[in-house]
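Novice: Residue numbers (the working numbering): 1 to 264.
See the structure below:
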């Protein structure tokens, strides 16, 4: 009984969204406990914020992650960090840099997701299905296009144009590039890991199927339906936008919370 209580207390996660010049942080079963602009927290560094260079600023990241931890509820056990980062900096080197800075504040574990993956999950795309889907996530200055399939993302393209300037032609052209570049063979992500015969068969068959003709677009509510309901032969579905990153982080934490903690 005591061991179960201790394990429950240990499985404490804090979700952090530092995207778009804001700090939003929450715990699994609690409301957001931080929702501020980075300019409010670090006025000497960002006044005003006009880019996202703080992801590369070691001093800034150090202060932001420390701010989150110092404002969280106190506990005997160190919390685990689940953080969303921009897809374009999610290579191994930059991930390691963020993890290194986070570790200085003694988080018990760090989990990193790209904003594109978080947005897909949080906006309601069923990413676990073995059928390739086109997902578009548009920000104020960038738009991401990619395929989601069996819990992974592929062929992500980034257009340096946000939702206010995005056109139907942009969508058509980038989807064309996306589908043209998609491999006909099953990606190595699936062939280099141990899968059951049944699972391998499912992903192999699923990858060879035609890409789903529904385009999933995450865009601000006031712009919904601006591109109509169809683009060519594809149906256009508008998804949740405002809280998709936070909802994606919550989903990730929910799944992590069901995993068993290793002893030792």
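Glycine residues also receive a C-beta, built at the ideal position from the N, C-alpha and C atoms.
By DSSP's criteria, residue 27 is part of a beta bridge. Which residues make up the other side?
Specialist: Translated into positions along the chain shown, residue 27 becomes position 27. Answer by DSSP bridge pairing, in chain order: 14.
Novice: Pull up the distance between the alpha-carbon of residue 24 and that of residue 241, whole angstroms please.
Specialist: On the chain shown, residue 24 is found 24 positions in, with the first residue counted as 1. On the chain shown, residue 241 is found 241 positions in, with the first residue counted as 1. Roughly 15 Å between the two C-alpha positions.
Novice: If I'm right that residue 63 touches residue 42 with Cβ under 8 Å, what's the distance once you round it to whole angstroms?
Specialist: The residue labelled residue 63 in the question sits at position 63 within the chain shown. The residue labelled residue 42 in the question sits at position 42 within the chain shown. Rounded, the Cβ-Cβ distance is 6 Å, consistent with contact.
Novice: Quick one: give me the first and last residue of the alpha helix (DSSP H) that residue 121 is part of.
Specialist: Within the chain shown, residue 121 is the residue found at index 121, counting from 1. That run of the alpha helix (DSSP H) goes 115-123.
Novice: Buried or exposed: which applies to residue 238, given that a residue is buried once 16 or more other Cβ atoms fall within 10 Å of its Cβ?
Specialist: On the chain shown, position 238 is the one that residue 238 refers to. By the 10 Å Cβ count, residue 238 comes out buried.
Novice: Identify every residue that forms a DSSP beta bridge with residue 84.
Specialist: Position 84 of the chain shown, counted from the start, is the residue given in the question as residue 84. Bridge partners of residue 84: 17, 113.
Novice: On the CB-based measure, 16 or more other CB atoms within 10 Å of its CB, does residue 92 come out buried or exposed?
Specialist: The residue you call residue 92 lines up with position 92 of the chain shown. Looking at its Cβ environment, which holds fewer than 16 other Cβ atoms inside 10 Å, residue 92 is exposed.
Novice: Can you tell me where the beta strand (DSSP E) holding residue 64 begins and where it ends?
Specialist: Position 64 of the chain shown, counted from the first residue, corresponds to residue 64. Where residue 64 is concerned, there is no enclosing beta strand (DSSP E), although the alpha helix (DSSP H) it sits in stretches over 58-71.
Novice: To the nearest angstrom, how far is the alpha carbon of residue 87 from that of residue 155?
Specialist: If you number the chain shown from 1, residue 87 lands on position 87. If you number the chain shown from 1, residue 155 lands on position 155. Each residue's alpha carbon lies about 12 Å from the other.
Novice: What's the call for residue 6, buried or exposed, on a 16-neighbour Cβ count within 10 Å?
Specialist: Locating residue 6 in the chain shown gives position 6, counting from the first residue. Low confidence applies here, because residue 6 scores a pLDDT of 47, under 50, leaving its location unreliable; read the following figure in that light. Classification of residue 6: exposed, given that the 10 Å Cβ count is below 16.
Novice: In the DSSP output, what is residue 158 paired with across the bridge?
Specialist: For this step, residue 158 is matched to residue 158 along the chain shown. DSSP, once it has assigned bridges, lists 144 as partnering residue 158.
Novice: Near residue 148, what residues of its chain come up, given a Cβ to Cβ distance below 7 Å and the 5 sequence neighbours on each side ignored?
Specialist: The count along the chain shown starts at 1 and reaches residue 148 at position 148. Contacts found: 120, 125, 127, 133, 135.
Novice: What's the call for residue 59, buried or exposed, on a 16-neighbour Cβ count within 10 Å?
Specialist: Position 59 of the chain shown, counting from 1, holds the residue named residue 59. With fewer than 16 other Cβ atoms within 10 Å, it is exposed.
Novice: May I have the straight-line CA-CA distance separating residue 207 from residue 201, to the nearest angstrom?
Specialist: For the purposes of this step, residue 207 is taken as residue 207 along the chain shown, with counting starting at 1. For the purposes of this step, residue 201 is taken as residue 201 along the chain shown, with counting starting at 1. Between residue 207 and residue 201, the C-alpha separation is close to 10 Å.
Novice: Could you please give the first and the last residue of the uninterrupted beta strand (DSSP E) stretch that includes residue 90?
Specialist: For the purposes of this step, residue 90 is identified with residue 90 of the chain shown, where counting begins at 1. Segment: none, residue 90 is in no beta strand (DSSP E) and carries neither H nor E.
Novice: Secondary structure at residue 48, three-state DSSP: helix, strand or coil?
Specialist: On the chain shown, residue 48 is found 48 positions in, with the first residue counted as 1. Confidence is the limiting factor: at residue 48 the pLDDT is only 49, short of 50, which leaves the residue's position unreliable, though a coordinate-based value still follows. Here residue 48 sits in coil by DSSP.
Novice: Residues bridged to residue 222 by DSSP?
Specialist: Counted from its first residue, the chain shown places residue 222 at position 222. Paired residues: none, contrary to the question.
Novice: Spatial neighbours of residue 65 within its chain, please: C-beta separation below 7 Å, excluding the five flanking residues on both sides.
Specialist: For the purposes of this step, residue 65 is taken as the residue at position 65 of the chain shown. Taken in chain order, the residues that qualify are 101, 102, 105.
Novice: Below 8 Å on the Cβ atoms is my guess for residue 84 versus residue 245; work out the distance and round it to an integer in Å.
Specialist: The residue given as residue 84 occupies position 84 in the chain shown. The residue given as residue 245 occupies position 245 in the chain shown. Between residue 245 and residue 84 the Cβ distance is about 5 Å, and since that is below 8 Å, they are a contact.
Novice: Where does residue 50 land, buried or exposed, given buried means 16+ other C-beta within 10 angstroms?
Specialist: Sequence index remark: in the chain shown, residue 50 carries index 50 (1-based). At residue 50 the pLDDT is 46, less than 50, meaning the model places this residue with poor confidence; the figure from the coordinates comes in the next sentence. Exposed is the call here.
Novice: Locate the beta strand (DSSP E) running through residue 133, then write down its first and last residues.
Specialist: Sequence index remark: in the chain shown, residue 133 carries index 133 (1-based). Note, residue 133: beta strand (DSSP E), 133-138.
Novice: Between which two residues does the beta strand (DSSP E) containing residue 234 stretch?
Specialist: Numbered from 1 along the chain shown, position 234 holds the residue referred to as residue 234. Residue 234 -> beta strand (DSSP E) spans 234-239.
Novice: The beta strand (DSSP E) spanning residue 36 covers which residue range?
Specialist: Locating residue 36 in the chain shown gives position 36, counting from the first residue. Its beta strand (DSSP E) spans residues 32-37.
Novice: Can you give me the start and stop residues for the alpha helix (DSSP H) that residue 204 sits inside?
Specialist: Residue 204 sits at position 204 when you count from the first residue of the chain shown. Start and end: 197-208.
Novice: Out of curiosity, what's the CA-to-CA distance linking residue 90 and residue 114?
Specialist: Taking the chain shown and counting its residues from 1, the one referred to as residue 90 is at position 90. Taking the chain shown and counting its residues from 1, the one referred to as residue 114 is at position 114. For residue 90 and residue 114, the distance between alpha carbons rounds to 6 Å.
Novice: Between residue 54 and the rest of its own chain, which residues show a CB-CB distance below 6 Å, the 5 nearest in sequence each way excluded?
Specialist: Locating residue 54 in the chain shown gives position 54, where the first residue counts as 1. Only 60 meet the Cβ criterion.
Novice: Buried or exposed: which applies to residue 255, given that a residue is buried once 16 or more other Cβ atoms fall within 10 Å of its Cβ?
Specialist: Here residue 255 refers to the residue found at position 255 of the chain shown. It counts as exposed.
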